[in-house]
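Visitor: Structure in structure tokens, see below.
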Ligand code: CS2
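In this note's numbering, the protein residues as written are 25 to 517.
As structure tokens, this is what we get:
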């Protein structure tokens, strides 16, 4: 039987696999991370690994899962160690990462996470909890009617949500005279630091005015743009990586060579010398964030929904379909004029690189994975660009086809697509709308209302009408015809 990857077996790992060469027992925790998914382990934890390897030993990561026990169950017996597999065509480079020094499961033991949050050695709290964990209502504000938010407001000692943990951690630090940690959001939200700050203040205002004032005056919420494609790990990945390690790794992480992190330089309690390790520290993240959310994530969602409707299981497969490839090119062309000018962005170079990244066949990035939570993702990925375009009185045709494809893919679940293929926090209302068998226009209106898309915006009608036209075509003739008809119009234009 093969042994398990762990501190004790690290010396047995064969040379081509990079391993921590620093003394892990000397590492001190400096960061608490909320949302210990694969993305964090492929991205921030890899940057921190470089810091630790270079001797900045004060930045070990205490990782916390806010929901499931899976990551702790896998990494606990491995002393937090896991393999990062960087895949490119035939090549797969393996690196064992040691930056996660302990793993917690918040629902099992909220007190342990609170203890970590009040530890004076912790100076930064990072988050990758996904869009839906921010618990926003259709107006984009904190959903104070959400049962977990209500619970956290009445049970501050046993929180469930990120707000409950951050608020209680900051409150306890304040009473202990410990300076606050900096809160570094790493989720794909626009102005993610400012957004999290606003939502946490809404929460704090419900809790107590002094805490609200403390957070307002003392706590920094830098924004950041994170970028790395991280497909879900499969059993085949586990088996292959374990074989190469000569040791079982229950949860290796798959990724691509590309990696980018742009961070607003606003930390009140110190930070690693990230710029030495490839992080871009800036005053204003917004232009980078807009480019990434709109060009990468926007096209990713397009590829996901069109790919599912056309029967493609992975991004690389969907992107190799000439009809989708062409559509994505036109979607980018429609989006680029909405990006900030004079901010030193090079969108052309960015999309050329993106096209190569999407074509990486070794990644096996499932379209169904990206399809999750469309109601939470489309506002910043697609709707924002469409509103900018409509404001300039320019067409929103390709952008709105993405929204129509999302609605059509949701409708196809339980029919052409399997029912649980992907999910959305709005699945209840979406199912009710689908059951009503409304016209395309009425369906789009109801979906926009439920999701809060373009809420209170002048050009909302225009967006809805474009989406409804596409949905009508997809319903009557299928996504393939919708794409070819659009391509014909594009060539005639
Ligand atoms: C993807 C992102 O699943 C999704 O919604 O669009 O996770 C994407 O892979 C990352 O943002 C890339 O940096």
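We treat Cβ as the ideally placed atom computed from N, Cα and C, and that holds for glycine.
From a predicted model like this one, the values you see are computed outputs, not experimental measurements.
If I'm right that residue 293 touches residue 403 with Cβ under 8 Å, what's the distance once you round it to whole angstroms?
Guide: Indexing the chain shown from 1 puts residue 293 at position 269. Indexing the chain shown from 1 puts residue 403 at position 379. With a Cβ gap of about 32 Å, residue 293 and residue 403 do not count as contacting.
Visitor: Just to confirm my understanding: we take residue 321, look at its own chain, exclude 5 residues before and 5 after, and list those with CB closer than 8 Å. What are they?
Guide: For this step, residue 321 is matched to residue 297 along the chain shown. Contacts found: 212, 401, 404, 405.
Visitor: If residue 429 sits next to residue 326, beta carbons under 8 Å apart, how far is it from one beta carbon to the other, in whole angstroms?
Guide: Here residue 429 is taken as the residue at index 405 of the chain shown, counted from 1. Here residue 326 is taken as the residue at index 302 of the chain shown, counted from 1. Confirmed, Cβ separation roughly 7 Å.
Visitor: Under DSSP, the beta strand (DSSP E) around residue 248 begins and ends at which residues?
Guide: The residue labelled residue 248 in the question sits at position 224 within the chain shown. Taken as a continuous stretch (DSSP letters only), the beta strand (DSSP E) holding residue 248 covers 248-251.
Visitor: Near residue 63, what residues of its chain come up, given a Cβ to Cβ distance below 6 Å and the 5 sequence neighbours on each side ignored?
Guide: Position 39 of the chain shown, counted from the start, is the residue given in the question as residue 63. Counting only Cβ-Cβ distances below 6 Å, and skipping sequence neighbours, we find 152, 254.
Visitor: Check whether the Cβ of residue 388 sits closer than 7 Å to any heavy atom of the ligand CS2, and report yes or no.
Guide: Position 364 of the chain shown holds residue 388. No - the ligand CS2 has no heavy atom lying nearer than 7 Å to the Cβ of residue 388.
Visitor: Rounded to whole angstroms, what's the CA-CA distance from residue 508 to residue 349? Just pull it up for me.
Guide: Counting from one through the chain shown, the residue named residue 508 turns up at place 484. Counting from one through the chain shown, the residue named residue 349 turns up at place 325. Going by the C-alpha atoms only, they are around 12 Å apart.
Visitor: If you count every other CB in all the chains shown that lies within 10 Å of the CB of residue 261, and 16 or more means buried, which is it?
Guide: Here residue 261 corresponds to residue number 237 of the chain shown, with the count starting at 1. Per the 10 Å Cβ criterion, buried.
Visitor: Return yes when at least one heavy atom of the ligand CS2 lies under 7 Å from the C-beta of residue 401, else no.
Guide: Indexing the chain shown from 1 puts residue 401 at position 377. Yes - the ligand CS2 has a heavy atom lying nearer than 7 Å to the Cβ of residue 401.
Visitor: Please report the residue range of the alpha helix (DSSP H) in which residue 358 lies.
Guide: Residue numbering aside, residue 358 sits at position 334 when the chain shown is read from its first letter. From DSSP, the alpha helix (DSSP H) with residue 358 extends over 346-359.
Visitor: For the 8 Å Cβ check, are there 3 or more pairs between the stretch 86-98 and the stretch 120-130?
Guide: With three or more CB-CB distances shorter than 8 Å, the stretch 86-98 counts as touching the stretch 120-130.
Visitor: Threshold first: 3 residues or longer. Then list the beta strand (DSSP E) segments lying entirely within the stretch 273-339, N to C.
Guide: 277-279, 284-288, 304-306
Visitor: Measure the alpha-carbon distance for residue 38 versus residue 156 and round it to whole angstroms.
Guide: Locating residue 38 in the chain shown gives position 14, counting from the first residue. Locating residue 156 in the chain shown gives position 132, counting from the first residue. Their backbone Cα atoms lie some 40 Å apart in a straight line.
Visitor: Tell me whether the beta-carbon of residue 272 lies closer than 8 Å to the beta-carbon of residue 29.
Guide: Counted from its first residue, the chain shown places residue 272 at position 248. Counted from its first residue, the chain shown places residue 29 at position 5. When the beta-carbon positions are compared, residue 272 and residue 29 come within less than 8 Å of each other.
Visitor: Alpha helix (DSSP H) containing residue 65: first to last residue?
Guide: Position 41 of the chain shown, counted from the start, is the residue given in the question as residue 65. Residues 62-66.
Visitor: Which partner residues of residue 160 appear in the DSSP bridge assignment?
Guide: In the chain shown, counting from the first residue as 1, residue 160 sits at position 136. DSSP output for residue 160 lists 166 as bridge partner(s).
Visitor: Report the start-end ranges of each alpha helix (DSSP H) in the stretch 69-115 that is 4 residues or longer and not cut off at the edges.
Guide: 94-99
Visitor: Flag this pair as yes or no: are the beta carbons of residue 312 and residue 286 separated by less than 8 Å?
Guide: Indexing the chain shown from 1 puts residue 312 at position 288. Indexing the chain shown from 1 puts residue 286 at position 262. Cβ distance < 8 Å, so residue 312 and residue 286 count as in contact.
Visitor: Residue 377: which of 284, 462, 214, 459 sits nearest, CA to CA?
Guide: Within the chain shown, the letter at position 353 stands for residue 377. Checked all of 284, 462, 214, 459; the closest Cα to residue 377 is 284.
Visitor: Can you have a look at residue 443 and say buried or exposed, based on whether 16 or more other CB atoms are within 10 angstroms of its CB?
Guide: Here residue 443 corresponds to residue number 419 of the chain shown, with the count starting at 1. Residue 443 should be labelled exposed.
Visitor: Which word fits residue 117, buried or exposed, when buried means at least 16 other C-beta atoms lie within 10 angstroms of its C-beta?
Guide: Residue numbering aside, residue 117 sits at position 93 when the chain shown is read from its first letter. With fewer than 16 other Cβ atoms within 10 Å, it is exposed.
Visitor: May I ask which residues mark the beginning and end of the beta strand (DSSP E) holding residue 449?
Guide: As a working mapping, residue 449 is identified with position 425 in the chain shown. Neither: residue 449 is in no beta strand (DSSP E) and is coded neither H nor E.
Visitor: So, residue 534 versus residue 107, is the Cβ gap smaller than 8 Å?
Guide: This structure does not reach residue 534, given that the chain is present from 25 up to 517, and the question cannot be answered.
Visitor: Taking the beta strand (DSSP E) that residue 54 belongs to, which residues open and close that run?
Guide: Position 30 of the chain shown holds residue 54. Following the DSSP letters along the chain, one finds residue 54 inside the beta strand (DSSP E) bounded by residues 53-58.
Visitor: Contact defined as beta carbons within less than 8 Å: I believe residue 330 pairs with residue 503. What is the distance between those atoms, to the nearest angstrom?
Guide: Here residue 330 is taken as the residue at index 306 of the chain shown, counted from 1. Here residue 503 is taken as the residue at index 479 of the chain shown, counted from 1. Between residue 330 and residue 503 a beta carbon distance of about 6 Å is seen, short of the 8 Å cut, so the two are scored as contacting.
Visitor: Relative to the alpha-carbon of residue 214, which residue among 314, 471, 423, 456 has its alpha-carbon at the smallest distance?
Guide: Translated into the one-based positions of the chain shown, residue 214 becomes position 190. If we check each option's Cα against that of residue 214, 314 comes out closest.
Visitor: By the 10 Å Cβ neighbour count, where 16 or more other Cβ atoms means buried, how is residue 115 classified, buried or exposed?
Guide: Reading the chain shown from its first residue, position 91 is the one you call residue 115. So residue 115 ends up on the exposed side.
Visitor: According to DSSP, is residue 431 helix, strand or coil?
Guide: As a first step, residue 431 is located in the chain shown; it is residue number 407 there, counting from the start. Helix, per DSSP.
Visitor: Under the DSSP definition of a beta bridge, which residues are partnered with residue 471?
Guide: Sequence index remark: in the chain shown, residue 471 carries index 447 (1-based). Per DSSP, none; premise fails for residue 471.
Visitor: Output the distance between the C-alpha atoms of residue 160 and residue 166, rounded to the nearest integer angstrom.
Guide: Numbered from its first residue, the chain shown carries residue 160 at position 136. Numbered from its first residue, the chain shown carries residue 166 at position 142. Distance between the alpha carbons of residue 160 and residue 166: 5 Å.
Visitor: Would you call the stretch 70-87 in contact with the stretch 43-61, where contact means no fewer than 3 C-beta pairs closer than 8 Å?
Guide: yes
Visitor: In chain order, what residues of the same chain have a beta carbon less than 7 Å from the beta carbon of residue 375, not counting five sequence neighbours either side?
Guide: Counting from 1 along the chain shown, the entry for residue 375 is found at position 351. Only 319, 356 meet the Cβ criterion.
Visitor: DSSP puts residue 150 in a beta bridge; with which residues?
Guide: If you number the chain shown from 1, residue 150 lands on position 126. Answer is 57, 208.
Visitor: Is there contact here, the stretch 292-308 with the stretch 65-79, by at least three beta-carbon pairs under 8 Å?
Guide: yes
Visitor: Assuming the contact rule is C-beta atoms closer than 8 Å, residue 105 and residue 192 should be a hit. Round their C-beta distance to whole Å, please.
Guide: One-based indexing of the chain shown puts residue 105 at position 81. One-based indexing of the chain shown puts residue 192 at position 168. At roughly 30 Å, the Cβ-Cβ gap does not stay under 8 Å, so residue 105 and residue 192 are not in contact.
Visitor: Exposed or buried, which one is residue 389 when buried takes at least 16 other CB atoms within 10 Å?
Guide: Taking the first residue of the chain shown as position 1, residue 389 is located at position 365. Classification for residue 389: buried.
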